[in-house]
Amino acid sequence: MADDHSADEPLLLNLTDAESANPPRTAFASAFVKWVLGIAMWLVLGFWVALMFTFPSDAGTEFLESWTRATIGSVYGTTGSMFLVCSGPILVIVVLAIASLMVDGKKELQLKTTSKYPRIRLRTFPILVDGPFGVVSAAEFIGICLFVVFVLWALYAYTMQNLEVLSELSLSSEGKWILMMILTGLRFGTIGIYCLAFLFLPISRGSVLLSIRDVPFEQATRYHVWLGHLTMFFSTFHGLCFVIAWALEGQLLDEILEWADEGVAILPGVISLLAGLLMWVTTLPPVRQKKFELFFYTHQLYVVFVIFLALHVGDFIFCIAAGGIFLFVIDRFLRFCQSQRTVGIISATCLPCGSVELVFSKPANLQYTALSFIFIQIRELSGLQWHPFSVSSSPLAGRKHISVLIKVLGEWTSKLKSKVSHMSGPEGENELHSQSRSKITASVEGPYGHEIPYHLTYVL
């Protein structure tokens with residue numbers, strides 16, 4: 004008997020089959036292990052957030068100094084100790100999240116029952132429904148408040164430290180003004196590094212952190228936007244304060260071109276800031292909406308931004324943000340490996356409505372939902388462009404294929420329709436058969452997407 008579903012075989016399990024497939028004892032054990040792992044993740048997250056709040060204070064500075072002194076003679080040294088304290092917690096959370104997802108196992112399609120009594124969940128209870136942030140849930144509002152409180156607290160703590168330093172020195176009014184600008188710029192840069200520690204976490208498409216909280220990637224991108232504005236705000240004022248101070252000293256050009264072998268290198272910081280400003284300008288709605296390709300290609304400067312930032316601050320300070328960047332690099336590498344493989348095209352059809360249907364082969368174990376989307380690259384059209392399209396096939400329709408419907412709108416889709424029509428043949432057959440598959444080389448990345456429309460999860 005074949006393993007594939009036959010035409011007469013029911014696609015969904017009945018309740019008896021579902022219960023027998025998941026015995027009560029096994030389900031209870033899995034739920035208990037997930038609960039323990041969830042508690043552990045929240046404890047580690049709470050420790051990480053509390054640690055971040057202590058860094059701007061004198062107690063936090065003393066803790067870091069004593070911690071680094073205690074690990075000078077160790078194998079991993081001061082850099083490793085800094086990475087362990089600042090980036091280690093997020094890596095521990097990722098490991099726990101992977102374990103929780105493994106315990107959860109494969110999710111079967113099943114009917115979800117609703118409770119008779121209303122339940123208020125922070126993740127789905129909207130607090131703000133109209134404003135610059137869009138719809139903001141209670142959990143998101145708490146996160147925003149935490150960041151605002153942290154920034155205000157850091158500004159206050161660092162300002163008090165700057166004033167204390169100035170009070171201990173006998174300088175002229177101009178000298179105090181210049182030193183205050185330098186210290187303020189240094190503090191702005193430090194806060195920007197703290198924001199950078201979270202910047203790359205929401206944009207990993209295959210992130211287990213998003214999966215464990217059931218947050219779709221397209222919803223999480225706005226967290227990246229908010230954090231990006233905050234990071235670039237402090238980074239810009241960081242550079243501006245130093246530029247003003249050096250200009251008052253008459254050493255602006257000499258300082259900007261300095262690239263020290265040890266300590267802080269100025270020129271890499273200038274290059275990193277310029278790359279960040281270019282990305283920041285192109286994210287503004289007038290530019291991004293009208294010139295999306297300019298926004299997309301300019302955003303690839305994040306590589307320049309990160310590399311020269313590391314050269315600017317050194318490995319010790321860079322370890323504060325290294326955890327999130329490390330996770331993003333791993334996700335990007337896995338996506339790159341997936342996108343390098345070509346996918347077999349079962350058929351390509353020009354429909355009477357003008358759209359193009361592409362049917363790809365897929366492994367039987369590749370899962371997707373009804374709202375999934377995939378990124379497609381057609382190498383005969385462009386070797387760089389990847390375009391997202393919603394999956395049009397049902398996850399229950401077949402185990403070995405996945406299809407998309409592409410509406411002709413723009414240059415890339417027009418070229419695709421023209422190529423498929425040209426390959427259809429003179430007899431009006433719009434099917435791309437096996438003898439012509441090699442004429443279209445496609446690569447697919449994904450699938451991504453949520454099981455249900457995310458806006459429908461809000462409790463109104």
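Just add 3 to wherever you are in the sequence shown, counting from 1, and you've got my numbering. Glycine included, every Cβ here is placed at the ideal spot set by N, Cα and C.
Cα atoms of Arg-291 and Phe-299: separation of roughly 8 angstroms, rounded to the nearest angstrom. Excluding the 5 residues flanking it on each side, Ser-395 has same chain C-beta neighbours closer than 8 angstroms at Glu-360, Ser-406, Val-407 and Leu-408, in chain order.
Between Gly-192 and Phe-237, the alpha-carbon positions lie close to 6 angstroms from each other. At a Cβ-Cβ threshold of 9 angstroms, Ile-194 and Ala-157 count as neighbours. For Ser-69, the enclosing alpha helix (DSSP H) has its first and last residue at 61-73. For Phe-201 and Glu-68, the gap between their C-alpha atoms comes out near 23 angstroms. For Ala-325, the uninterrupted alpha helix (DSSP H) run begins and ends at 305-343, by DSSP. If you draw a 10 Å sphere on the C-beta of Gly-134, you find fewer than 16 other C-beta atoms in it, and that means exposed. The stretch 365-398 contains, as complete beta strand (DSSP E) runs of 3+ residues, the segments 376-381 and 390-393 (chain order). Per the C-alpha coordinates, the member of Gln-303, Val-218, Ala-248 and Glu-258 positioned closest to Thr-127 is Val-218. When C-beta atoms of the stretch 68-84 are compared with those of the stretch 303-311, fewer than three pairs fall below 8 angstroms, so the two segments do not count as touching. Beta-bridge annotation (DSSP): Leu-408 is paired with Glu-360. Burial check for Gln-380: the Cβ neighbour count within 10 Å reaches 16 or more, so the residue is buried.
Residue nearest to Ser-350 within the set Thr-187, Phe-363 and Ser-84 is Phe-363 (criterion: CA-CA distance). Secondary structure note for Glu-177: its alpha helix (DSSP H) is the uninterrupted segment 176-202. DSSP places Pro-450 in the uninterrupted beta strand (DSSP E) bounded by 445-451. Met-235 sits buried, since 16 or more C-beta atoms from the chains shown fall within 10 Å of its C-beta. The DSSP-derived three-state label of Val-346 is strand.
Relative to Leu-337, the option among Thr-285, Gly-449, Pro-271 and Leu-213 whose CA is nearest is Gly-449.
Ile-274 and Gln-164 have their C-alpha atoms spaced approximately 29 angstroms apart. DSSP places Ser-90 outside both helix and strand once states are collapsed to three, so it counts as coil.
Sixteen is the threshold: since fewer than 16 other Cβ atoms of the shown chains lie within 10 Å of the Cβ of Ile-42, the residue is exposed. Fewer than three pairs of CB atoms, one per stretch, sit closer than 8 angstroms, so the stretch 270-288 makes no contact with the stretch 320-334. The residue from Leu-149, Leu-172, Val-151 and Leu-189 with its alpha-carbon nearest to that of Thr-162 is Leu-189. The DSSP-derived three-state label of Ala-157 is helix. Between Ala-100 and Leu-40, the CB-CB gap stays under 9 angstroms. By the beta-carbon neighbour count (other beta carbons within 10 angstroms, threshold 16), Ser-397 is exposed. With contact defined as three or more Cβ pairs closer than 8 angstroms, the stretch 206-226 and the stretch 247-267 are not in contact.
In the three-state reduction of the DSSP assignment, Val-139 falls in the strand class, which pools E and B. For Pro-355, there is no enclosing alpha helix (DSSP H), as DSSP gives it neither H nor E.
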